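In UniProt numbering, the protein residues as written are 1 to 690. Note that beta-carbon positions come from the ideal geometry of N, C-alpha and C, so glycine has one too. Please read these numbers as outputs of a predicted model, since none were measured by experiment. One structure below.
So, in structure tokens, the structure goes:
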């Protein structure tokens, strides 16, 4: 269970206190200009403040008390919008502060790269540069980001991930990356530093979560343009009302012209101030919700892209299946005994530190008591697995024993001048049809047989894929297995498609193909061989346990290194888009009620017939205007928890989602203001405030 390093409560006193201070600090024109809708409210507040000062000096026919009331609530509207954004930023800044606390200037044991051994010189961690080699022993802190080039050790990464359980870091493979600020608990590591000071992963994460500096997303920019256009339309309409009112009074010979204070109140109530005040907070909160899941997004763009994704590339091992494939049987070809196959398979797996490789060694021990090999006397040279060759093995005196994917071993045998027997092909197909993974073992140009690796599909994963399908998202399983094995697992898991025998090039081409068709693609990766595909994907989630190259290529980093997190990331992104859509619908709908409050109040003295529009039965024109302005401010505060927490996520299609928005937030946006404005009007009258 991952412990949360910082408080994420909406009512955290420290966050609220700082947000209250920041709300006032944001009252500068430079800050307000960033939000055009609220900038209009800001200018209106300044104007009515000047009008109030004039009224105090007897330079206005309007009541100074009425102008002051309107002015105060206009300022409250601006402050509440600032407060919403500040609360969202405060939660992110708390995470940044926690990460910053993990930074420390650590004494490092720098080795001579040319001949590193037991001799080292102690230097400050801040003096290390890219390429330096350091020794980290049990109890030492890792002085900077780097890659393990020697050794294996357990590492405490709780300062970064919040996870108390230590992890294993070792040279080679996809678990060779270490992060500055973590601590080695046992054994030792030799690490080559991969970053210069100020460029570490921790530094980048701190920069990522400083949400105040985030860039607006494309959808947010488009919505802002729409809101600005609506604001300009209402601004022009409001400006023309003053000469129209003067002309109407002069023509009718009755009534009084509309005042500038009422015009400002009318403008503020008509423009989409609710969504304008909450828009930035929704975006910041989207990044915050990712952080609550221990995912660091490089920008709001990455979060929003996650919400628009319609193709998910998912690794089979560890994501769709449990990932602990174990050798379960040896199947030799004719002329080869079970023990001969097990002996060769174990030799090929002695240097294979993967769970699959270890399970082959263990199975050979358990079934045939093959143990206690002297590697040095054998004169063995081990060939490690690579994503390109997709096989590993050992070279002995005059022998080349290999273990790997069927097609790779077939090609190897043919290159040695041999031929794969038809019997072997049938064995491979039989194992694959059972949903297991076949590994073929060869000795030089001769095929020896097949090792069966079994894996188990995760419980509940099929239901998750059904939900994704309902949302219009296509799922594609990525695996290095052959097509038959991949097809069996894909059918059991319920994915829409699969890519078998996947190479880095095949993954990259698949992503490009879907992007060419106009789709947004998401994937996860942890190895250097995943970096090209991660760089190409629209949403690329790198595992924190992975290599530095994978982290550099991705636009998100999962601190928990859980491949299944990709599904939650997509859901979080969609939740942000759903929240923005819902509050936009509510904001536009609740403006309708304000028309019925302010327009009759503004023109009823000149045109008494307009009183028919006073369907709420508001007491006086002054109380109607003030009630609408107060409601306009309070609704922002009321919706802050919803903007920060997000609306409830439901895996439904776009059409159903639109219907729900119109029904709940559209109709709700029409009804709530009628109730709220009427209630405020009753309170004002009861307290003799108008």
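- Assignment of beta strand (DSSP E) within the segment 288-361, counting only whole runs of 3 or more residues, yields 295-297, 311-315 and 326-332 in chain order.
- It is roughly 8 Å from the alpha-carbon of residue 317 to the alpha-carbon of residue 479.
- With a 10 Å radius around the Cβ and a threshold of 16 neighbouring Cβ atoms, residue 403 comes out buried.
- Excluding its 5 nearest sequence neighbours in each direction, residue 538 has C-beta neighbours in its own chain below 6 Å: 305, 520 and 521, listed in chain order.
- Taking a contact to require three or more Cβ pairs closer than 8 Å, the segment 317-337 and the segment 568-579 do not qualify as touching.
- Secondary structure note for residue 451: its beta strand (DSSP E) is the uninterrupted segment 446-454.
- A contact is defined here as three or more CB-CB pairs under 8 Å, and the segment 488-498 fails this definition with respect to the segment 361-368.
- The Cβ-Cβ distance between residue 184 and residue 142 falls below 8 Å.
- When 145, 582, 653 and 75 are compared, the shortest CA-CA separation from residue 106 is found for 145.
- Looking at the DSSP output, residue 400 bridges to 395.
- Residue 420: not part of any alpha helix (DSSP H); DSSP gives it neither H nor E.
- Contact between the segment 75-94 and the segment 38-54 is present: three or more C-beta pairs spanning the two stretches fall below 8 Å.
- Under the 10 Å beta carbon count, residue 129 is surrounded by fewer than 16 other beta carbons and is classified as exposed.
- In the displayed model, residue 53 falls within a helix according to three-state DSSP.
- In this structure, residue 223 sits away from residue 564, with a CB-CB distance that is not shorter than 8 Å.
- Secondary structure note for residue 558: its beta strand (DSSP E) is the uninterrupted segment 556-558.
- Annotated three-state conformation of residue 438 is strand, per DSSP.
- Secondary structure in the segment 583-667: the alpha helix (DSSP H) runs of 4 residues or longer, each lying completely within the stretch, are 621-645 and 654-660 in chain order.
- Counting every other CB atom within 10 Å of its CB across the protein chains shown gives residue 244 a total below 16, marking it as exposed.
- For residue 189, the enclosing beta strand (DSSP E) stretches over residues 188-193.
- Bounds of any beta strand (DSSP E) do not take in residue 236; it lies within the alpha helix (DSSP H) bounded by 218-252.
- In the structure shown, residue 576 falls within a helical segment according to DSSP collapsed to helix, strand and coil.
- For residue 432, same chain residues with a beta-carbon under 7 Å away, outside a window of 5 residues either side, are 438, 482, 484, 485 and 488 in chain order.
- Taken atom to atom, the span from the alpha-carbon of residue 544 to that of residue 509 is near 25 Å.
- For residue 511 and residue 642, the gap between their C-alpha atoms comes out near 35 Å.
- For residue 328, same chain residues with a beta-carbon under 6 Å away, outside a window of 5 residues either side, are 452 and 454 in chain order.
- For residue 542, the beta-bridge partners assigned by DSSP are 525 and 557.
- The C-alpha of residue 256 is placed about 18 Å away from the C-alpha of residue 55.
- Residue 133 places its beta carbon 8 Å or farther from that of residue 16.
- Here DSSP, grouped into helix, strand and coil, assigns residue 409 to helix.
- The DSSP-derived three-state label of residue 198 is coil.
- In this structure, residue 681 keeps its C-beta atom at 8 Å or more from the C-beta atom of residue 474.
- For the pair residue 677 and residue 582, the CB atoms are not nearer than the 8 Å cut-off.
- In the structure shown, residue 385 falls within a coil segment according to DSSP collapsed to helix, strand and coil.
- Nearest in C-alpha terms to residue 568, of all of 108, 196 and 286, is 286.
- Measuring C-alpha to C-alpha distances from residue 151 to each of 272, 472 and 186 identifies 186 as the nearest.
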